[in-house]
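Numbering (our numbering), first residue to last: 90 to 552.
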């Protein structure tokens with residue numbers, strides 16, 4: 090019997106109808122909490138001048154920098170897409186955008202000390218490898234000229250790669266520039282699902298890049314998969330997962346598809362009746378966790394898995410894992426600077442975001458000002474709740490006494506509303522309490538974002 094058939098029919102204590110019913114009751118779409126407060130809660134009160142002042146104050150904190158460059162171009166829009174992407178057939182159309190990115194760098198470095206180490210660099214957004222090799226080289230050189238990029242072996246320089254937009258020469262070029270981590274968007278390998286989402290991507294494309302990345306010695310490689318796509322089944326995803334595991338990536342990410350056609354035009358081409366049910370999605374996730382753990386992967390959280398020797402797994406084991414606008418990281422606190430359309434910046438005292446509209450982003454830079462459009466100043470309560478959420482997502486547990494000591498408050502009293510909201514989840518077996526410690530169960534780890542949502546004091550996402 091093939092491996093995927095065994096996975097699809099395996100039954101255990103957590104698969105009872107009653108347990109699954111409890112999971113389904115709490116399986117709601119929710120934020121990934123890469124920031125707290127959530128981006129949707131940012132207001133209009135943080136001006137570009139106020140953000141510039143916060144940048145200058147950050148120079149005295151001694152923290153390294155983390156740069157996130159949003160490159161919103163792709164060759165064609167995938168139907169599941171929820172990005173601020175710009176479909177284009179010609180990468181020359183990216184030239185005006187790249188020029189404005191450089192203008193944004195100039196404005197930022199007027200307020201940032203360029204002696205600060207750029208510990209992390211990430212290129213994301215649409216499909217960064219949409220750019221030509223020359224364009225990528227020019228952008229990297231501009232970043233180096235403006236910020237002074239690190240040559241340290243400990244640097245973490247990553248890029249999202251669409252296998253349809255890259256080949257072995259692309260990877261060699263990226264390594265020569267200084268990137269040492271890759272994230273490949275696989276999504277699904279089942280052809281029926283690929284056709285339904287308008288993303289035909291033969292497995293051989295991904296396999297060739299995985300092999301070349303291993304040969305070139307990239308520090309880490311992540312493969313992205315999406316659960317909940319149209320026409321997807323437990324059996325089809327199990328087959329995809331078996332094929333992906335055979336490629337032996339150090340990291341794997343399982344994302345949940347959120348169907349919001351009223352918000353994202355591309356999703357209007359997906360028929361709701363073709364989507365797997367919430368129960369089917371949960372079974373896919375349960376199957377995947379069992380399969381990945383059996384193959385030696387460590388569950389990090391929020392659908393992220395890693396090999397035991399990977400830096401994320403090591404940080405998870407020793408309690409130093411953190412979460413920031415780029416997701417999980419083994420690195421310590423840094424000031425996170427976002428560049429480009431819809432980019433998010435995170436400093437100790439403020440969160441800020443650039444415009445989602447390309448026209449608004451361009452207009453701000455053409456007027457000679459930072460393109461900050463929305464933001465929020467963090468209160469003491471924001472810091473407390475954000476810390477609680479981060480600790481829960483990174484360790485699957487939260488110690489209220491430790492949190493009290495860190496913030497100089499009675500965390501249990503300050504978070505009484507959150508603890509009350511957690512009660513139904515505790516009664517349904519997603520959470521246990523042992524003295525001052527809150528610990529997610531195996532079911533709770535699967536829906537850890539739901540536990541985190543209890544600590545969110547802002548209106549819920551669907552309010």
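Beta carbons are placed, not taken as given, at the ideal position from N, Cα and C, and that holds for glycine.
Note that this is a predicted model, so its numbers are computed, not measured.
Near residue i, what residues of its chain come up, given a Cβ to Cβ distance below 7 Å and the 5 sequence neighbours on each side ignored?
i, result
"residue 305", "260, 261 and 264"
"residue 391", "121, 482, 537 and 538"
"residue 218", "250, 251, 254, 255 and 259"
"residue 325", "279 and 282"
"residue 462", "442, 443, 444 and 449"
"residue 141", "200 and 459"
"residue 416", "123"
Does residue i get closer than 8 Å to chain B when you measure Cβ to Cβ?
i, result
"residue 421", "No chain B is part of this structure, which consists of one protein chain only."
On a CA-only basis, which of the options is nearest residue i? Give me that one, please.
i, options, result
"residue 244", "429, 400, 187 and 443", "400"
"residue 408", "150, 174, 488 and 533", "488"
"residue 240", "176, 208, 224 and 415", "208"
"residue 439", "138, 371 and 308", "138"
"residue 427", "494, 197 and 130", "197"
"residue 276", "131, 494 and 329", "329"
What does the alpha-carbon distance come out to for the pair residue i and residue j?
i, j, result
"residue 267", "residue 246", "7 Å"
"residue 564", "residue 393", "Only positions 90 to 552 of the chain appear in the structure, and residue 564 is not among them; the question remains open."
"residue 353", "residue 252", "23 Å"
"residue 471", "residue 292", "44 Å"
"residue 333", "residue 299", "10 Å"
"residue 278", "residue 248", "21 Å"
"residue 459", "residue 190", "11 Å"
"residue 515", "residue 521", "6 Å"
"residue 101", "residue 396", "Bear in mind that the predicted position of residue 101 carries a pLDDT of just 45, short of 50, making it too unreliable to give a figure here."
"residue 357", "residue 200", "42 Å"
"residue 444", "residue 437", "21 Å"
"residue 429", "residue 316", "28 Å"
"residue 185", "residue 127", "30 Å"
"residue 321", "residue 118", "18 Å"
"residue 205", "residue 237", "8 Å"
"residue 474", "residue 133", "22 Å"
"residue 532", "residue 289", "34 Å"
"residue 193", "residue 294", "35 Å"
"residue 385", "residue 479", "25 Å"
"residue 159", "residue 406", "31 Å"
"residue 233", "residue 301", "26 Å"
I'd like the list of long-range same chain contacts for residue i, defined as Cβ closer than 8 Å, with 5 residues on each side in sequence excluded.
i, result
"residue 477", "487, 492, 500, 504, 507 and 544"
Beta-carbon within less than 6 Å of residue i's beta-carbon, same chain only, minus the 5 sequence neighbours each way: which residues are those?
i, result
"residue 188", "none"
"residue 413", "425"
"residue 222", "262"
Taking 7 Å as the cut-off, does the CB of residue i come closer than this to any heavy atom belonging to the ligand ADP?
i, result
"residue 505", "Looking for the ligand ADP in the displayed structure turns up nothing, as the structure carries no ligands at all."
Count Cβ pairs between the segment 134-151 and the segment 172-181 that sit closer than 8 Å; are there 3 or more?
no
For the 8 Å Cβ check, are there 3 or more pairs between the segment 460-470 and the segment 226-237?
Cβ pair count under 8 Å is below three, so no.
Which runs of the alpha helix (DSSP H), 4 residues or longer, sit entirely within the segment 402-455?
447-455
Run through the segment 230-275 for me and flag every whole beta strand (DSSP E) of 3 or more residues, listed as ranges in chain order.
245-250
Could you pull out every unbroken beta strand (DSSP E) segment of at least 3 residues lying fully inside the segment 309-337, listed in chain order?
309-316
For a minimum of 4 consecutive residues, which ranges assigned as the alpha helix (DSSP H) are wholly contained in the segment 118-156?
137-147
Completely contained alpha helix (DSSP H) runs for the segment 156-230, where each covers 4 or more residues:
184-198
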